[in-house]
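Down below is the structure, laid out as C-alpha cells.
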Amino acid sequence: MPGGQTRSRARDRNNVLNRPEFLSLNQPSRREQAAGEGRGGGSRRPVFRQQSQQEDPGGRPVLVFWAWSVFLALRGTRESSDGGHAADGGQKEASRFPEQDCMQLNPSFRGIAINSLLAIDISLSKRLGMCVGAHGPGAPLRSMVTLLAFTGHALPWIFGTLICLWRSNTLAGQEVLVNLLLALILDLMTVAGMQKLVKRKGPWDFPPGFLDYVAMDRYSFPAAHASRAAMVSKFLLNHLVLAVPLRILLYLWALLVGVSRVLLGKHHLSDVGCGFALGFLHFSLVESVWLDSATCQTLVSIGTLRWTPLL
Numbered sequence: 001m002p003g004g005q006t007r008s009r010a011r012d013r014n015n016v017l018n019r020p021e022f023l024s025l026n027q028p029s030r031r032e033q034a035a036g037e038g039r040g041g042g043s044r045r046p047v048f049r050q051q052s053q054q055e056d057p058g059g060r061p062v063l064v065f066w067a068w069s070v071f072l073a074l075r076g077t078r079e080s081s082d083g084g085h086a087a088d089g090g091q092k093e094a095s096r097f098p099e100q101d102c103m104q105l106n107p108s109f110r111g112i113a114i115n116s117l118l119a120i121d122i123s124l125s126k127r128l129g130m131c132v133g134a135h136g137p138g139a140p141l142r143s144m145v146t147l148l149a150f151t152g153h154a155l156p157w158i159f160g161t162l163i164c165l166w167r168s169n170t171l172a173g174q175e176v177l178v179n180l181l182l183a184l185i186l187d188l189m190t191v192a193g194m195q196k197l198v199k200r201k202g203p204w205d206f207p208p209g210f211l212d213y214v215a216m217d218r219y220s221f222p223a224a225h226a227s228r229a230a231m232v233s234k235f236l237l238n239h240l241v242l243a244v245p246l247r248i249l250l251y252l253w254a255l256l257v258g259v260s261r262v263l264l265g266k267h268h269l270s271d272v273g274c275g276f277a278l279g280f281l282h283f284s285l286v287e288s289v290w291l292d293s294a295t296c297q298t299l300v301s302i303g304t305l306r307w308t309p310l311l
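The C-terminal position of the sequence shown is numbered 311 in full-length UniProt numbering, with every residue numbered one higher than the one before it.
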C-alpha cells in the first residue's frame, strides 16, 4: 500500500513537471550544457535533476517548492510583460491629452507663485467670511451686511434708472440717465460673460439665490457687485455736483459693497479687486462712447413709443 502511494505521487509529480510551465525543470542548466560541450567536444549530455531528486526522498519538499517558485516567476514575467504593454499603451494615451491635464513634476517659478497667491487668497477669503453662518462671529451683523450688499445689485439700479428716466423732463437729465442705463447694461452683460467663461466657485461654494439667477450673477469671478459699485460711484462723481462729504460717502459705499460680498462668503478678495478694476474700465469705455442729447432723445422716443420727445 505505501509503495502504491509513492508511485502515484511520483506519477502525479511527473505529470505536473510535464506541463508547459515546468518544462524548464527537465532541461539542463546553461552551466552544465557549457561544461558538457567543453568536455565532450560537441556531444551533449543532458543531466536530469528529476531522477536524482526522485532517488532522494528528502528532496521532495524542495522540488515542490522549487516548481512552485518557477511557476510564480513565469506567471509574474507574463503579467509584467502584459503590464509593460499596458503601460506603453497608457503612455500613448496620456500623450494625447494636453499638457495642462498632466501632472507637472517640475513646475516653473511663475506657476509656483500663482498657486501660492491663489492659496493665500482662498485662505484669507474664508477667514474674512464672518457672516457666512447663522452662528458665526459676525452673525449679528448679517442682516445689515446683506442689505448693504443688496444696494450693489443690478435690479435696484436698473429699475431705479428707468423710473428716474421716465420721470425726468430735462434734456441734460435724460442724457445722463440714458448713458447710465447703457453703462449698467454693459456692466451686467460683460460680468455675466466673464463669469460664464471662468466659472470660478466662491470660497464657501454656496448655491446662487433667486436674485443671483435673475442678475446672471452665478459665479465668483469677477464680483458683479464690486464692478457695478465702482462704475456707478465714478459715474455719479463725474456727472453730479456733490459736496465733499457726499463724495467721500460715495467712495466708502463702493468699498463697503465689495467688502460685504467677502463677509457673506460669496466672493474671494481677488474677485472683488478685479471687479473694482473692471468697473473703472466700464466707466472709461462709456465716457469714450458718450451718447449726445439727440441720440438719447431718439432712444427715449423709441423706448416710450413716442416719436415726439418731451411732450
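Cβ coordinates follow ideal geometry from the N, Cα and C atoms, glycine included.
This structure is a prediction, so every number in the text was calculated from the model and none was measured.
Taking C-beta to C-beta, are residue i and residue j nearer than 9 angstroms?
i	j	result
His-225	Ser-125	no
Trp-204	Val-259	no
Gly-279	Ala-243	no
Ile-158	Leu-181	yes
Leu-269	Asp-121	yes
Leu-291	Glu-175	yes
Tyr-251	Ser-227	no
Val-286	Ala-183	yes
Leu-165	Val-300	yes
Leu-141	Met-130	yes
Val-145	Gly-136	no
For residue i, does the three-state DSSP call read helix, strand or coil?
i	result
Arg-167	helix
Leu-128	helix
Thr-151	coil
Pro-207	coil
residue 319	Coverage of the chain is limited to positions 1 through 311, which leaves residue 319 absent and any answer about it impossible.
Trp-157	helix
Lys-266	coil
Phe-221	coil
Gly-279	helix
Trp-253	helix
Gly-173	helix
Got a sec? Which residues, its chain only, sit under 6 angstroms from residue i by beta carbon, not counting five neighbours each side?
i	result
Cys-274	Pro-222
Ala-154	Leu-188 and Ala-215
Ser-293	Leu-171 and Glu-175
Please return the same chain residues whose Cβ sits closer than 7 angstroms to the Cβ of residue i, not counting the five positions on each side in sequence.
i	result
residue 350	Residue 350 lies beyond the range of the chain shown here (1 to 311); nothing can be said about it.
Ala-113	none
Phe-235	Leu-180, Ala-183 and Phe-283
Check each candidate in the options and name the one with the smallest Cα separation from residue i.
i	options	result
Leu-197	Asp-217, Leu-180 and Leu-250	Asp-217
His-282	Arg-247, Ser-293, Gly-209 and Asn-179	Asn-179
Val-257	Pro-245, Ala-134, Val-272 and Leu-246	Val-272
Gly-202	Val-262, Gly-136 and Phe-210	Val-262
Thr-304	Asp-212, Ser-168 and Ser-288	Ser-168
Ile-185	Gly-173, Pro-156 and Phe-206	Pro-156
Ala-277	Thr-190, Ala-134 and Ser-116	Thr-190
Ala-134	Leu-128, Ser-143 and Pro-245	Ser-143
Go ahead and label residue i buried or exposed: buried means 16 or more other beta carbons lie within 10 angstroms of its beta carbon, across all protein chains shown.
i	result
Thr-161	buried
Val-241	exposed
Gly-209	exposed
Phe-109	exposed
Cys-296	buried
Met-231	buried
Leu-249	exposed
Gly-152	buried
Met-194	buried
Leu-177	buried
Phe-97	The predicted model places Phe-97 with a pLDDT of 45, which falls under 50 and marks its position as unreliable; any figure quoted below should be read in that light. Flag for Phe-97 reads exposed.
Is any beta-carbon of chain D found at less than 9 angstroms from that of residue i?
i	result
Arg-247	Here chain D cannot be found, since the structure has a single protein chain.
Return yes when at least one heavy atom of the ligand ADP lies under 8 angstroms from the C-beta of residue i, else no.
i	result
Pro-207	In terms of ligand content, the structure shown is empty, and the ligand ADP therefore cannot be addressed.
I'd like the list of long-range same chain contacts for residue i, defined as Cβ closer than 8 angstroms, with 5 residues on each side in sequence excluded.
i	result
Ser-123	none
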